[in-house]
Amino acid sequence: MLGFEKVEKLIERNVIEVAPLAYMRGRTLNDAFIILDESQNTTIEQMKMFLTRIGFNSKAVITGDITQIDLPRSTKSGLRHAIEVLAEVDEISFNFFHSEDVVRHPVVARIVNAYEAWEAADQKRKAELAAERKREAQEQEQK
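What follows is the structure, given as structure tokens:
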């Protein structure tokens, strides 16, 4: 791991660049290792714009947690969309982490598991409610 002073010098020499996503438009990033962090809150358009900046001899790593999307409900996450769209594209791979991969306090893994269990049960409840409403609507049509 690089120390603060070393990183600072690399930034001064333009070896490392920290740039907001908004400043990527129009650029091509050749000979680069590019990291897009916390990408779960990108829009589809932002993710596509970022991905199309990758130049020759470059690698990109995109991180994000699709369980922590803060976008309005009407806006689909660019990360979630990219996972769906790019799943079969050669030279692109995805790595997914689970509660057993948590390297924070052990209780964090249990918190993640509790949320996953609640969300699975909630989805099941919603599916059952939708099926019940559909049955009721069909019964009303038959009357």
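First residue of the sequence shown: 5, per the working numbering; consecutive thereafter. For each residue, glycine too, the CB sits at the ideal point set by N, CA and C.
Opening and closing residue of the alpha helix (DSSP H) in which residue i lies
i	result
A91	Where A91 is concerned, there is no enclosing alpha helix (DSSP H), given that its DSSP letter is neither H nor E.
A131	P110 to Q146
I15	F8 to E16
Extent of the continuous beta strand (DSSP E) run through residue i
i	result
A36	First-last for A36: undefined, no H or E at that position.
Residues bridged to residue i [DSSP beta-bridge criterion]
i	result
V65	I39
T71	DSSP, once it has assigned bridges, lists no residue as partnering T71.
I58	L33
T47	S81
Collapsed DSSP secondary structure at residue i in the structure displayed
i	result
S81	strand
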